[in-house]
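Here the structure comes first, spelled out in structure tokens, and everything after it is commentary.
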Amino acid sequence: MMSENPDTGDDRFVRLKKFRQQEQIWRNRAAMGWQQRNLALVEYALNHMWGCQVDAANIEGKEPPEGPPDPEEYFRDRGQGDDPPWRPYDPMRVASRPAPSSGGAYRSLLPPKPDEDEE
Numbered sequence: 079m080m081s082e083n084p085d086t087g088d089d090r091f092v093r094l095k096k097f098r099q100q101e102q103i104w105r106n107r108a109a110m111g112w113q114q115r116n117l118a119l120v121e122y123a124l125n126h127m128w129g130c131q132v133d134a135a136n137i138e139g140k141e142p143p144e145g146p147p148d149p150e151e152y153f154r155d156r157g158q159g160d161d162p163p164w165r166p167y168d169p170m171r172v173a174s175r176p177a178p179s180s181g182g183a184y185r186s187l188l189p190p191k192p193d194e195d196e197e
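Given below as structure tokens:
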């Protein structure tokens with residue numbers, strides 16, 4: 079049975095978890111907008127992320143953040159939209175010697191053919 083006070087017990091934990099998940103979703107959307115260089119999407123997502131942070135801070139009884147982060151400031155150390163660190167179109171690097179467990183270094187050896195002289 080749910081208690082009448084929404085800030086007690088498990089309900090508080092569930093709401094906090096929900097706000098943290100939503101915060102992560104909006105952070106990912108902001109990063110996607112930054113990568114696409116869509117500043118309107120970035121600002122929208124960062125505002126919603128900040129709202130989730132404020133709600134979570136209120137549940138925890140902590141001081142909420144001052145305001146929504148500035149997109150340029152927030153993504154300063156995270157790289158530019160057209161320069162991902164993983165370079166999706168580069169060929170995959172392959173080891174010069176395959177690992178022994180991969181099976182690529184071994185060839186099936188057939189037993190030697192019997193000599194016809196031995197019969």
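Terminal number for the sequence shown in our numbering: 197, no gaps in between.
Note that the Cβ used here is the ideal one computed from N, Cα and C, for glycine as well.
None of the values given here were measured: they were computed from a predicted structure.
Quick check on residue i: buried or exposed, where buried means 16 or more other Cβ atoms within 10 Å of its Cβ?
| i | result |
| --- | --- |
| G111 | buried |
| A118 | exposed |
| K120 | Note on residue identity: the sequence assigns Val, not Lys, to residue 120. When all chains shown are included, V120 counts as buried. |
| F91 | exposed |
Have a look at residue i and residue j and give me their C-alpha separation to the nearest angstrom.
| i | j | result |
| --- | --- | --- |
| R115 | F153 | 12 Å |
| P142 | R105 | 17 Å |
| P149 | I103 | 16 Å |
To the nearest whole angstrom, what separates the beta carbons of residue i and residue j, a pair I think is in contact under 8 Å?
| i | j | result |
| --- | --- | --- |
| A108 | L124 | 5 Å |
Please state whether DSSP places residue i in a helix, a strand or coil.
| i | result |
| --- | --- |
| P143 | coil |
| D148 | coil |
| K95 | helix |
Following a CB-centred definition, is residue i positioned closer than 7 Å to any heavy atom of the ligand FAD?
| i | result |
| --- | --- |
| E101 | No copy of the ligand FAD appears in this structure; indeed no ligand is present at all. |
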